[in-house]
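Working notes, structure below.
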Amino acid sequence: MPPDDLIVTSGLGHRYGAGTEQEVTALEGVDLRIAQGEFVAVIGPNGSGKSTLARHLNALLLPTEGRVTVNGLDTRDPDHHWSIRQTVGMVFQNPDNQIVATVVEEDVAFGPENLAVPPEEIRRRVDEALALVRMQDYARHAPHLLSGGQKQRVAIAGALAMRPACLVLDEATAMLDPRGRREVLQTVRRLNRDEGLTVVLITHFMEEAALADRVVVLDRGHLVMDGRPEEVFSEVDFLEGIGLGVPQIVGVRRLLEEAGHPIPPSVLTLEAMVDFLCP
Amino acid sequence: MSIETVDLTHVYMPGTERAVVAVDRVSLRIDDGETVGIMGPTGSGKSTLIQHFNGLLRPTSGRVLIDGEDLWPREKDGPRTADLHKVRRKVGLIFQFPEHQLFEESVYDDIAFGPRNLGLPEEEVRRRVTVALRMVGVPEDEAEALGRRSPFSLSGGQMRRVAIAGVLAMRPATLVLDEPTAGLDPRGRLELLETLSRLHRRWGLTLVVVSHNMEDLAALVDRVIILDQGRLILDGPTREVFRDPESLRRLGLDAPPVVALMHALAARGAQVDVSRLSPREAAEEIDQWIRAGRPRRAGSGREGDAGLVHV
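The listed protein sequences derive, respectively, from chains R and B.
Residue 2 is where the first sequence starts when you use the working numbering, and the numbers rise one by one after that.
Residue 70 is where the second sequence starts when you use the working numbering, and the numbers rise one by one after that.
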């Protein structure tokens, strides 16, 4: 394994209720390598296995076939779970049921306290994590009074306090308003660029996926596409065929191409489209 | 039927230190057959407001009138003439993630729950279930097989349609939906939007849709109401409301990407009509602009980018 592969899944399969009548194959034969420092978006229709995949990346779920390694550690070995969960932090969809403490900084300290990190080190980590998500001014606030976007940033800080190499966001923006979504996306983009944090962003929003370095597409438990956003979002018919779509801007691009105006496939975002049309 | 609020105010925990004014003197009127979107940042009072539309919440002050009848008359106005149970049947409220409220063993029983509670004969219950399923896009010949399935075996989009069918089986004239497409994938989203649009077009239902998704509102509603900190701050035709992306942005809202694109082009001096709401409309406008030789206003340049919406 090359040293820069942080997460590797080989022939990963997961069946829920294996051996029972309700057996459901959620993932099958998924081979995926995520390098240190990458920003990978995972898209797929409802029920395609996105969340199941996410939960394999930090050993919340274990493969029923194949294997997953994090920093070379096999997730099937329970002795590795603490180390793996420190390496890969998770942020979930609902901002209201991830926060456990009644004060923001206590919530962020929760993880490192569980690891018996010394108090002065915890202090340092909490301050640093809150600063990284730009929530230092809210350290003494009550979490329930924060907006959805702020709560998710606290949840991210809680994960960062564990000093992870990778952050997995499982539809972490799905319940937020536009400002909240923007806050969370800006935060993870900055952490990826400036801190070298590996980011795996599971999302229903094609606009969000277009911001990643790489887009992975799941359909009925299979990995069906893996490429740069401009490659993936060129396959409009394929994506629509499996129940996905393309960012609205790509929809406009396609209509313009049909009208006889060629536009390079790298034009995926609003900014790129404006630059292209009106430099 | 019409829904009207007059100076509607709702305070949670009134008279305590933690009192929160969730809705602040909102007056609005929604008429029969309208399609209305309600938007505003989290905590702006949207969900509190809509729970007054069918009498689930009682205003702290102000009035709610359904078809002109006051739901909460003051003593001096005489006794209540509006029947709250009837109002709740006429105004169907669909909360966020309504599929979380499915509980029966079969799809049929879940949709039949409301009509059975009305004491309707089983034959009428069956008819209502079938019609409700048809209204949400399930063909008659598939309704029976689907009815036998467990709601929990369905996809997210299907579960949501079943939950909506359960409300439709009560025969409401108005459907009030809180974030109807949240958490659905693009196809599920498009199918649900199509279903809602058809409920309006074919069956004449009034739609009131609370949403953060500006694309959805642009596609679905003719009128948009914006709330901020409990106050109604804007109420107008969808096209007019999206005409000013910068003020939306100040509220923490976004214009749909297409609208933002047209504005960004205009900000660089491109002479384009910015009131385009759908990708098709935008592409047609840009196509004509390119064919006209990309005319730009004199002296314009990239300094106009201040208005660009960055993610």
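Quick reminder that beta carbons are idealized off the backbone N, C-alpha and C, glycines included.
When DSSP states are grouped into helix, strand and coil, Phe122 of chain B belongs to the coil group. Using a CB distance cut-off of 8 Å, Asp254 of chain B counts as an interface residue toward chain R.
DSSP, reduced to helix, strand and coil, places Glu260 of chain B within a helical segment of the structure shown.
Taking a Cβ-Cβ threshold of 8 Å, the residues of chain B close to Val253 of chain R are Val327, Leu330, Pro348, Ala351, Ala352, Ile355, in chain order. Shortest Cα-Cα distance from Gly161 of chain B to any of B:Pro241, B:Leu322, B:His332, B:Arg349 involves B:Pro241.
Nearest CB-CB separation between Gly38 of chain R and chain B: not below the 8 Å threshold. One finds nothing in chain B with a Cβ atom closer than 7 Å to the Cβ of Met226 of chain R; even the nearest lies about 15 Å away.
Between Ser175 of chain B and Ser222 of chain B, the CB-CB gap reaches or exceeds 8 Å.
Counting only Cβ-Cβ distances below 7 Å, Glu284 of chain B has contacts in chain R at Gln249, in chain order.
In chain order, Pro110, Thr111, His281, Gly321 make up the part of chain B whose C-beta sits under 7 Å from the C-beta of Asp178 of chain R. The DSSP assignment places 89-92 as complete runs of the beta strand (DSSP E) inside the segment 73-152 of chain R, in order along the chain (cut-off: 3 residues).
Shown here for Gly226 of chain B: same chain residues with a beta carbon closer than 7 Å to its own, the five before and five after excluded, namely Leu253, Gly257, Glu260, Leu261 in chain order.
Per the coordinates, the alpha-carbon of Leu296 of chain B lies some 10 Å from the alpha-carbon of Ala91 of chain B. Taken atom to atom, the span from the alpha-carbon of Arg217 of chain B to that of Thr117 of chain B is near 36 Å. For Ala251 of chain B, the residues of chain R that pass the 8 Å Cβ criterion are Ala175, Met176, in the order they occur in the chain. In the structure shown, Pro306 of chain B adopts extended strand secondary structure according to DSSP, grouped into three states. Going by DSSP, Gly131 of chain B is part of the beta strand (DSSP E) stretching over 130-135. Between Ser113 of chain B and Gly305 of chain B the beta-carbon gap is near 17 Å, outside 8 Å, which marks them as no contact. For Glu259 of chain R, the uninterrupted alpha helix (DSSP H) segment begins and ends at 249-259. Pro314 of chain B counts as buried, since at least 16 other C-beta atoms from the protein chains shown sit within 10 angstroms of its C-beta. Beta-bridge partners of Phe40 of chain R (DSSP): R:Val200. Taking a C-beta distance under 8 Å as the contact criterion, Leu198 of chain R and Leu168 of chain R qualify as a contact pair. Here the alpha carbon of Arg363 of chain B sits roughly 26 Å from the alpha carbon of Val247 of chain R.
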